[in-house]
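Take the sequence shown: its position 387, counting from 1, is numbered 387 in UniProt numbering, and each next residue is one higher.
Just so you know, even glycine gets a beta-carbon here, dropped at the ideal spot from N, CA and C.
All values reported here derive from a predicted model rather than from experimental measurement.
Below: the structure, in structure tokens.
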Amino acid sequence: MASLGTPTLKNPSSVFLSSKPRLPSVLSAAFPNTLRFPRSHPQGGRRFLIITASAASSFSNKPTVLVAEKLSEAGLELLKEFANVDCSYNLSPEELCTKISLCDALIVRSGTKVNREVFESSGGRLKVVGRAGVGIDNVDLSAATEHGCLVVNAPTANTVAAAEHGIALLAAMARNVAQADASVKAGKWQRNKYVGVSLVGKTLAVMGFGKVGSEVARRAKGLGMHVIAHDPYAPADRARAIGVELVSFDEALATADFISLHMPLTPATNKMLNDETFAKMKKGVRIVNVARGGVIDEEALVRALDDGIVAQAALDVFSQEPPKPESKLVQHERVTVTPHLGASTMEAQEGVAIEISEAVVGALKGELAATAVNAPMVPAEILTELKPYVELAEKLGRLAVQLVAGGSGVKTVKVSYATSRAPDDFDTRLLRAMITKGIIEPISSVFVNLVNADFTAKQRGLRITEERVLLDGSPESPLESIQVQIANVESKFASAMSESGEIRVEGRVKDGVPHLTKVGSFEVDVSLEGSIILCRQVDQPGMIGTVGSILGEENVNVSFMSVGRVAPRKHAVMAIGVDDQPSKESLKRIGEVPAIEEFVFLKL
Ligand SMILES: NC(=O)c1ccc[n+]([C@@H]2O[C@H](COP(=O)([O-])OP(=O)(O)OC[C@H]3O[C@@H](n4cnc5c(N)ncnc54)[C@H](O)[C@@H]3O)[C@@H](O)[C@H]2O)c1
Ligand SMILES: O=C(O)[C@H](O)COP(=O)(O)O
1 MASLGTPTLK
11 NPSSVFLSSK
21 PRLPSVLSAA
31 FPNTLRFPRS
41 HPQGGRRFLI
51 ITASAASSFS
61 NKPTVLVAEK
71 LSEAGLELLK
81 EFANVDCSYN
91 LSPEELCTKI
101 SLCDALIVRS
111 GTKVNREVFE
121 SSGGRLKVVG
131 RAGVGIDNVD
141 LSAATEHGCL
151 VVNAPTANTV
161 AAAEHGIALL
171 AAMARNVAQA
181 DASVKAGKWQ
191 RNKYVGVSLV
201 GKTLAVMGFG
211 KVGSEVARRA
221 KGLGMHVIAH
231 DPYAPADRAR
241 AIGVELVSFD
251 EALATADFIS
261 LHMPLTPATN
271 KMLNDETFAK
281 MKKGVRIVNV
291 ARGGVIDEEA
301 LVRALDDGIV
311 AQAALDVFSQ
321 EPPKPESKLV
331 QHERVTVTPH
341 LGASTMEAQE
351 GVAIEISEAV
361 VGALKGELAA
371 TAVNAPMVPA
381 EILTELKPYV
391 ELAEKLGRLA
401 VQLVAGGSGV
411 KTVKVSYATS
421 RAPDDFDTRL
431 LRAMITKGII
441 EPISSVFVNL
451 VNADFTAKQR
461 GLRITEERVL
471 LDGSPESPLE
481 SIQVQIANVE
491 SKFASAMSES
501 GEIRVEGRVK
511 DGVPHLTKVG
521 SFEVDVSLEG
531 SIILCRQVDQ
541 PGMIGTVGSI
551 LGEENVNVSF
561 MSVGRVAPRK
571 HAVMAIGVDD
581 QPSKESLKRI
591 GEVPAIEEFV
601 FLKL
């Protein structure tokens, strides 16, 4: 794996992104380089996602949202209040790739493949993909994450519609409604041929006991069915609460008269109904699928129908949509099909359109995404509390990497959090992402945000380990201090090396402001604003005045000065906070002060 290479500042003047928009949020001061996403979370509480804003350039102009599949008017209205909306349906993959480079956001349903090529073609402009529905199997989440693109979905608005469609298919299948309808329309009257089976008293196995599955279970119980469910991740008490027993996969297969599928399509669920599993089913079982076509091996289903294992199937979804008209499965007499209509009610489509439009507009505005699928969500109250620590984390990362000497590759970073909070009560993902951002951004051209931080670190061979140092104090404050150490490197400022040979910087928050409190083994105290000059000097009178007057001569304002020493009149490290960047000449003059042994200028 490639290392981060030599940390030479590529373009110091653009590294700190001070021109990014300041948003009218309480968080703006802490996140000048980020967009924030506030919105109500369905499970209660407000959650925030932080994402770097290259779409920020769109703040002066309206951002552009490409709506690639039909979205209800209510959603389009919401989008148009904030963005230029390009409704281009039925784009070919090539047309989508061409258009995407002009778009800040993309909204799709299940019919558009948002693959790696789409993200690559966006040239970094695409910041949000909104999936107007639940299933995100048509979006390449890894590619989205690698490109720092947030993916949001609308997970709740079509639940009832999908459950109702499942029940509609269940009843229609059991009573041959579709086949009988076609027969009557063909001028026949075949009352004996279309004798059905009853639902009452039969066992229904709900496979996937999530939002849709549990709504199907509730309704099926109302029809007098005995409902069991299989879901390796569902809590038993939720099932018990609606009178459903959770059973193993094999037990569900062996006992069900009807099986209704409600799991997502993932590598683990792909073709989970196949020759082997059909063979375990009760003869004459009936299957409903409103989840995803790919969870069934469709050729195996045709065999199971022909062998009489499966009496009937009702399918809303297919491994390839639309399926080939000549498909044996679609044409099978005992199979009822609909063209992926589960979410297609007026009510659900309006709800989904509003849900996804709010999420996408919120994201583009710098507010929140409660339904992000490729980033950890941080509850609002935690974020408010962590705000100054987030700033501290990023700045410590920036300082540490700038202390690395040319020629050293940054590969190993150790972060220690001193806290009196219990591990369960202290989520470090946000802080880790910000430290990663601080380390990587100054020495590369990538933007790092909460979406892509871990991926970017891994890709660059940067291993970040974390430890908590548990303190006795009050858990009221989330953190006492953060220490960032970079191992196996040399430093351009030797005093930054710890006794154990790592570059070490440590900071804490004082009165809401991040401070640098340790460099190597020297205690300092300098507010992390503007830039910093670190000097190691012989501890003697007049040093502060000498350096201060060099800076004063060119009107560089000193915001803070602090001296940390090992012992009086021995070595000391002076940390000087400056509001402006000193000229090369002034820095050279500082370096020439006889008592100064080494110094470094660091940008925050
Ligand atoms: N036909 C449609 O128009 C339509 C509409 C809405 C949803 N859907 C599909 O329905 C499915 C369920 O949607 P949801 O909103 O209920 O999602 P959900 O995330 O709420 O529920 C999915 C459930 O599946 C479970 N699961 C995961 N792996 C499993 C496995 N191997 N075996 C059994 N269960 C497993 C999960 O634990 C979860 O409880 C998704 O595939 C979604 O795309 C289709
Ligand atoms: O996953 C979903 O939300 C459903 O399959 C609906 O898909 P659609 O938006 O394409 O109707």
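Would you check whether ligand 1 has a heavy atom nearer than 6 Å to the C-beta of residue i?
i           : result
residue 108 : no
residue 292 : yes
residue 262 : yes
residue 252 : no
residue 346 : no
residue 316 : yes
residue 247 : no
residue 163 : no
residue 70  : no
residue 207 : yes
residue 389 : no
residue 269 : yes
residue 152 : no
residue 211 : yes
residue 144 : no
residue 231 : yes
residue 180 : no
Whole-angstrom Cβ separation of residue i and residue j, contact assumed at under 8 Å?
i           : j           : result
residue 612 : residue 173 : With the chain covering only 1 through 604, there is no way to say anything about residue 612.
residue 306 : residue 273 : So it is not a contact: roughly 15 Å between Cβ atoms.
residue 575 : residue 534 : 6 Å
residue 419 : residue 471 : 6 Å
residue 334 : residue 312 : 5 Å
residue 491 : residue 513 : No, residue 491 and residue 513 are not in contact; Cβ-Cβ is about 26 Å, not under 8 Å.
residue 109 : residue 132 : 5 Å
By DSSP's criteria, residue i is part of a beta bridge. Which residues make up the other side?
i           : result
residue 603 : 531
residue 515 : 508 and 527
residue 414 : 465 and 485
residue 315 : 289 and 337
residue 138 : For residue 138, which the question treats as bridged, DSSP gives no partner whatsoever.
residue 228 : 205 and 245
residue 84  : 64
residue 105 : 65 and 128
residue 621 : Given that the chain is displayed from residue 1 to residue 604, the structure contains no residue 621 and the question cannot be resolved.
residue 577 : 532 and 560
Using DSSP with H/G/I as helix, E/B as strand and the rest coil, what is residue i?
i           : result
residue 162 : helix
residue 595 : coil
residue 97  : helix
residue 562 : strand
residue 346 : helix
residue 491 : strand
residue 625 : Outside the displayed span of the chain (1 to 604) sits residue 625, for which this structure offers no information.
residue 556 : coil
residue 434 : helix
residue 353 : helix
residue 454 : helix
residue 309 : coil
residue 474 : coil
residue 2   : For residue 2, the predicted structure reports a pLDDT of 43, less than 50, and the residue's modelled location is therefore unreliable. A value from the coordinates is still provided. Three-state DSSP puts residue 2 in coil, outside helix and strand.
residue 327 : coil
residue 372 : strand
residue 213 : helix
residue 218 : helix
residue 419 : strand
residue 405 : coil
residue 459 : helix
residue 497 : strand
residue 522 : strand
residue 273 : strand
residue 74  : helix
residue 21  : Any answer about residue 21 is weak, because its pLDDT of 29 lies below 50 and its placement is not dependable; what the coordinates show is given next. Residue state, collapsed to three classes: coil.
Compute the minimum distance between the beta carbon of residue i and the heavy atoms of ligand 2, and state whether it is under 6 Å.
i           : result
residue 135 : yes
residue 220 : no
residue 157 : no
residue 353 : no
residue 638 : Since the first residue of the chain shown is 1 and the last is 604, residue 638 is not available in this structure.
Could you name each continuous beta strand (DSSP E) segment of 3 residues or more that falls completely within the segment 143-195, going from the start of the chain to the end? Correct list: 150-153.
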